[in-house]
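In our numbering, the protein residues as written are 1 to 106.
The beta-carbon is built from N, C-alpha and C at its ideal position, and this holds for glycine as well.
What you are looking at is a predicted structure, and each value in this text was computed from that prediction instead of being measured.
Just below is one structure, and these are the notes that go with it.
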Ligand code: SF4
Ligand code: F3S
């Protein structure tokens with residue numbers, strides 16, 4: 001499966017959503033996740049993300065490993081998002097911030 005990691009938090013550009021052939025993305029207040037039960041590992045979403053937040057599970061950086069179970073957990077409760085929309089209002093200010101994990105809203 002593919003995994004959305006911390007760079008997405010407080011940006012949520014949603015460019016990734018439009019290209020997913022199986023509608024695997026789920027939306028929270030300031031973050032998206034991929035449902036591992038739906039993702040077919042096509043990798044189409046990876047180059048779409050302006051902040052490079054999406055990784056194959058085996059390539060998730062060491063300091064982002066908790067995002068793999070977090071995607072699976074939140075995919076159970078968040079609703080599908082299938083169309084790209086505007087990113088969060090201050091997305092560009094947060095795009096280069098590292099260590100946004102504590103900013104995640106459920
Ligand atoms: Fe969807 Fe493909 Fe990305 Fe998986 S890898 S979330 S199937 S676009
Ligand atoms: Fe997030 Fe990147 Fe998609 S910022 S919403 S993973 S395009």
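Review point. Got a sec, what are the start and stop residues for the beta strand (DSSP E) residue 32 sits in?
Key: Segment 32-34, the beta strand (DSSP E) holding residue 32.
Review point. Who are residue 54's beta bridge partners in DSSP?
Key: Bridge partners of residue 54: 4.
**Study point:** Which residues DSSP lists as bridging residue 27, in chain order
**Key:** 32 and 79
Review point. If you measure from each residue's Cβ to the nearest non-hydrogen atom of the ligand F3S, which ones come out under 6 Å, in chain order?
Key: 4, 8, 11, 12, 13, 14, 15, 16, 32, 48, 49, 51, 53 and 54
Exercise for review: Reducing DSSP to helix, strand and coil, say where residue 47 ends up.
Suggested key: helix
Review point. Alpha helix (DSSP H) containing residue 17: first to last residue?
Key: 15-19
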